[in-house]
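Taking it in order: structure first as structure tokens, then the write-up.
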Amino acid sequence: MEFGSIIESVGEVIDVLGVVAIVVGVVYAAVDAAVRGLRRVSPVYTRFRRVLGRAILLGLELLVAADIIKTVAVTPTLDSVLVLAIIVLIRTFLSWSLELEISGRWPWQKRAVSDDGDEPALARSEAS
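Every letter in the sequence shown is one number past the one before it in the working numbering, and letter 127, counting from 1, is 1498.
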């Protein structure tokens, strides 16, 4: 087997893993929300969004890694690198937006921890 085809196969496997991570995350978040809804455990919606957002973030990271592997290692032309740069910019923006939605802070901001170390102080103040 040629090196280029091996790297292309690795990129495809990581692509599939990214999609699987998102799909499994969606299914897990839905089942978790349904169980919490039936047991009347709150908060259902905020936990659903947090779990779903984390799954999407994980999937996006894997998809970016696969794109980098396939573009740089297999077809390092100027056009493919420009397309990769645009894809990475879009996915980075999506990742930052999801992180802001999930945690209520930008990725570069320090996490504010409450006195008991359990829940971020920002999230606790929003819940009350």
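Each residue gets a CB set at the ideal place from its N, CA and C atoms; glycine is no exception.
Could you tell me whether the Cβ atoms of residue i and residue j are closer together than 8 Å?
{"i": "residue 1429", "j": "residue 1396", "result": "yes"}
{"i": "residue 1415", "j": "residue 1399", "result": "no"}
{"i": "residue 1459", "j": "residue 1443", "result": "no"}
{"i": "residue 1439", "j": "residue 1455", "result": "yes"}
{"i": "residue 1403", "j": "residue 1418", "result": "yes"}
For the alpha helix (DSSP H) that contains residue i, what are its first and last residues?
{"i": "residue 1381", "result": "1374-1410"}
{"i": "residue 1436", "result": "1415-1439"}
{"i": "residue 1462", "result": "1449-1474"}
What does a CB cutoff of less than 7 Å around residue i pick up in its chain, not counting 5 residues either side in sequence?
{"i": "residue 1478", "result": "1467, 1470"}
{"i": "residue 1437", "result": "1382, 1385, 1386, 1389"}
{"i": "residue 1441", "result": "1379, 1382"}
Please return the same chain residues whose Cβ sits closer than 8 Å to the Cβ of residue i, not counting the five positions on each side in sequence.
{"i": "residue 1392", "result": "1426, 1429, 1430, 1433"}
{"i": "residue 1401", "result": "1419"}
Give me, in chain order, the residues of the same chain whose beta-carbon lies closer than 6 Å to that of residue i; leave out the 5 immediate sequence neighbours on both sides.
{"i": "residue 1408", "result": "1415"}
Could you give the C-beta distance for residue i and residue j, rounded to a whole number, given that I count them as a contact under 8 Å?
{"i": "residue 1378", "j": "residue 1452", "result": "With a Cβ gap of about 15 Å, residue 1378 and residue 1452 do not count as contacting."}
{"i": "residue 1473", "j": "residue 1424", "result": "4 Å"}
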